[in-house]
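Numbering-wise (full-length UniProt numbering), the sequence shown opens with residue 27 and increments by one.
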Amino acid sequence: WLKVKSSKIPDGLKRPPGPKPLPIIGNLLDLGRMPHQSLKTMSQTYGDVFQIQIGMRPVVVLSNYDIVRQALLKQGDDFAGRPDLYSFQFVSNGKSIAFSHDHHGVWKPRRKLAQNALRTFSFVQKQDSRYSSVLEQYICEEGDYLVKKIVDIMKSKGSFDPFRYIVVSVTNIICAMCFGQRYSHDDEELLSFVNLSEQFGAVAGNGNPADFIPILRFLPNPAMRKFVDINARFNKFVERIVKDHYRTFDKNNIRDITDSLIEHCQDKKVDENSNIQISDDKIISIVNDLFGAGFDTVTSSMSWALLYLSLYPEIQKKIHEEIDMNVDKQHGPRLSDKSNLPYVEAFILEMLRHSSFVPFTIPHCTTKDTSLNGLYIPKNTCIFINQWQINHDPNHWKDPSSFSPERFLEDGGTSINRALAEKVMIFGMGKRRCIGESIARAEIFLFLTVLLQHLEFYSLPSKPIDLTPKYGLILRHDRFHLGAALRT
Ligand code: HEM
């Protein structure tokens with residue numbers, strides 16, 4: 027970043043405007059407890075492209091849909107990097123596709139490998155003719171199991187903690203794809219890190235002080251200690267499964283993503299297009315990324331969905347009616363029912379927009395000197411992209427703070443306004459766009475319809491629902507308990 031500071035501004039361009047930084051800490055204090063909201067307020071003074079300084083490091087913040095499209099789509103290569111942040115070295119032992127700085131130019135072929143592996147083990151392969159894909163089968167079976175589990179817990183305890191049970195069901199989907207196995211809802215080792223994932227997000231969120239102010243790494247920092255611990259536990263868990271896969275590997279029977287990555291190491295190490303060699307451990311560690319990214323995000327979205335459903339019973343009633351009219355009760359929902367369930371889809375879009383539970387993308391970084399809106403942005407500048415602000419921009423969204431699935435409906439409620447749906451920004455955009463998006467959307471849709479076909483959720487009078495989240499990579503509300511009744 028010292029290189030960033032010293033570069034000269036080319037003629038005709040200006041430095042991005044921004045608040046004056048304090049010595050050593052820069053604008054850290056201005057970020058406050060809710061950086062997505064503080065940065066929105068700042069953008070009202072400085073515009074859609076502005077610069078803050080966290081510690082000594084300049085960070086450019088992008089706050090508007092059109093600017094973000096310009097940067098991530100039209101100038102995609104310039105903005106496709108990841109900054110070299112301190113905390114990111116602990117994720118996947120510093121070999122993460124999502125978080126690591128691409129020192130060796132292998133991010134692109136690894137990303138492609140990951141996308142291919144996901145596709146092969148989700149939408150393509152069929153095992154059972156009742157389902158269109160293995161992914162559909164996994165989600166429907168796991169969803170049925172979850173209904174039974176919730177009914178049992180309701181019988182014995184009278185309420186349930188949605189996150190605690192959904193997290194295992196969602197983890198089982200990504201585990202089935204990555205490792206060919208599912209876990210019990212009481213598996214101690216699995217629970218020991220999936221249940222603690224908030225400690226990951228608390229540190230990995232944009233603006234973590236220890237990433238920007240080196241001295242903080244040497245002072246006692248409980249959040250950072252927990253972050254390192256949870257990453258180590260996670261990596262150990264995956265390492266053991268990978269070792270087992272190597273031991274039982276049979277190239278005539280590729281069971282799951284881990285096997286397909288082992289096969290790739292043995293057969294075709296060279297990427298066909300770029301001729302870049304990827305080391306074996308960088309191939310195998312792709313599974314850490316897929317597993318890590320695949321459970322917490324989807325669980326959080328389901329948990330937010332149940333919260334909104336309990337808060338707005340009239341919306342839940344409309345969903346129940348739509349499912350009852352359009353989904354075969356014996357057969358249960360399938361992905362192909364989506365086109366007949368526009369209200370369910372509108373609800374999901376509104377849940378993603380309103381919660382904006384991934385408030386920023388993972389930080390980006392410029393790969394060369396570039397400019398945006400006449401403002402000069404040197405190579406290696408850290409870039410924050412405020413998804414939350416884009417989803418609450420009053421120029422694009424009427425009454426953005428109200429929760430209204432109807433905003434996405436057209437033709438008398440029978441179809442979705444696709445142009446508006448595209449504007450919900452929660453998976454990023456362009457070259458770094460989430461590679462699990464279609465799997466995530468399938469999971470959210472199917473889990474929700476399976477649950478709502480059988481259950482009605484309600485809040486408990488003793489525990490009023492509070493939507494105020496805690497900030498992190500993922501916005502989380504406090505863990506809460508709900509009631510659920512079996513529908514007849
Ligand atoms: C990256 C959101 C589910 C795998 C991302 C990014 C976002 C995101 C915002 C960063 C984009 C950027 O930096 O510009 C979400 C949300 C999900 C979800 C909201 C669920 C509702 C998943 C799933 C998987 C996955 C299920 C895997 C099965 C990844 C990977 C990356 C990524 C590997 C890194 C891509 C790269 O840096 O090239 N996701 N994600 N995500 N996601 Fe997801």
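Here a beta-carbon is modelled for each residue, glycine too, at the ideal position from N, C-alpha and C.
Please confirm whether any heavy atom of the ligand HEM lies closer than 7 Å to the CB of residue i.
| i | result |
| --- | --- |
| Ser-327 | yes |
| Ile-465 | yes |
| Gly-400 | no |
| Phe-114 | no |
| Phe-189 | no |
| Ile-409 | no |
| residue 517 | Absent from the model: residue 517. The displayed extent of the chain is 27 to 514, so no value can be given. |
| Cys-391 | no |
| Val-75 | no |
| Gly-206 | no |
| Arg-458 | yes |
| Phe-275 | no |
| Phe-244 | no |
| Val-94 | no |
| Phe-149 | no |
| Ile-452 | yes |
Cβ of residue i within 8 Å of Cβ of residue j?
| i | j | result |
| --- | --- | --- |
| Ile-374 | Ile-470 | yes |
| Leu-501 | Ser-311 | no |
| Met-377 | Val-196 | no |
| Arg-467 | Thr-387 | no |
| His-507 | Val-173 | no |
| Val-132 | Ile-288 | no |
| Glu-162 | Leu-478 | no |
| Val-324 | Arg-379 | no |
| Gly-102 | Tyr-72 | no |
| Phe-253 | Gln-225 | yes |
| Ser-64 | Asp-74 | no |
| Thr-475 | Ile-349 | yes |
| Ser-336 | Ile-241 | no |
| Val-229 | Phe-321 | no |
| Cys-391 | Gly-107 | yes |
| Ala-511 | Leu-316 | no |
| Asn-433 | Asp-187 | The displayed chain sequence assigns Arg, not Asn, to residue 433. Not in contact: Arg-433 and Asp-187 (Cβ atoms no closer than 8 Å). |
| Gly-233 | Ile-80 | yes |
| Tyr-112 | Arg-243 | yes |
| Asp-37 | Thr-396 | no |
Contact defined as beta carbons within less than 8 Å: I believe residue i pairs with residue j. What is the distance between those atoms, to the nearest angstrom?
| i | j | result |
| --- | --- | --- |
| Gly-231 | Gly-462 | Actually they do not touch by this definition, with Cβ atoms about 19 Å apart. |
| Asn-261 | Asn-221 | Their Cβ separation, rounded to whole angstroms, is 17 Å, which puts Asn-261 and Asn-221 out of contact at 8 Å. |
| Ser-159 | Met-203 | In fact, because the Cβ distance is near 11 Å, the residues do not count as touching under 8 Å. |
| Met-455 | Leu-144 | With a Cβ gap of about 19 Å, Met-455 and Leu-144 do not count as contacting. |
| Tyr-191 | Asn-198 | Their Cβ separation, rounded to whole angstroms, is 11 Å, which puts Tyr-191 and Asn-198 out of contact at 8 Å. |
| Cys-291 | Asp-270 | Contact flag wrong, Cβ pair sits at about 16 Å. |
| Leu-332 | Leu-493 | That belief does not hold up - the Cβ atoms of Leu-332 and Leu-493 are roughly 12 Å apart, past 8 Å. |
| Pro-84 | Thr-407 | 6 Å |
| Pro-368 | Ser-464 | Wrong, their Cβ atoms sit about 19 Å apart, outside the cutoff. |
| Asp-110 | His-127 | 4 Å |
**Request:** Say whether the region 247-265 touches the region 106-123, bearing in mind that this needs 3 or more beta-carbon pairs closer than 8 Å, one atom from each stretch.
**Result:** Inter-segment contact for the region 247-265 and the region 106-123 is present: three or more beta-carbon pairs are separated by less than 8 Å.
**Prompt:** Pairing CB atoms from the region 395-415 with CB atoms from the region 48-57, are three or more of them under 8 Å?
**Reply:** In short, these stretches do not touch, since the Cβ pair count stays below three.
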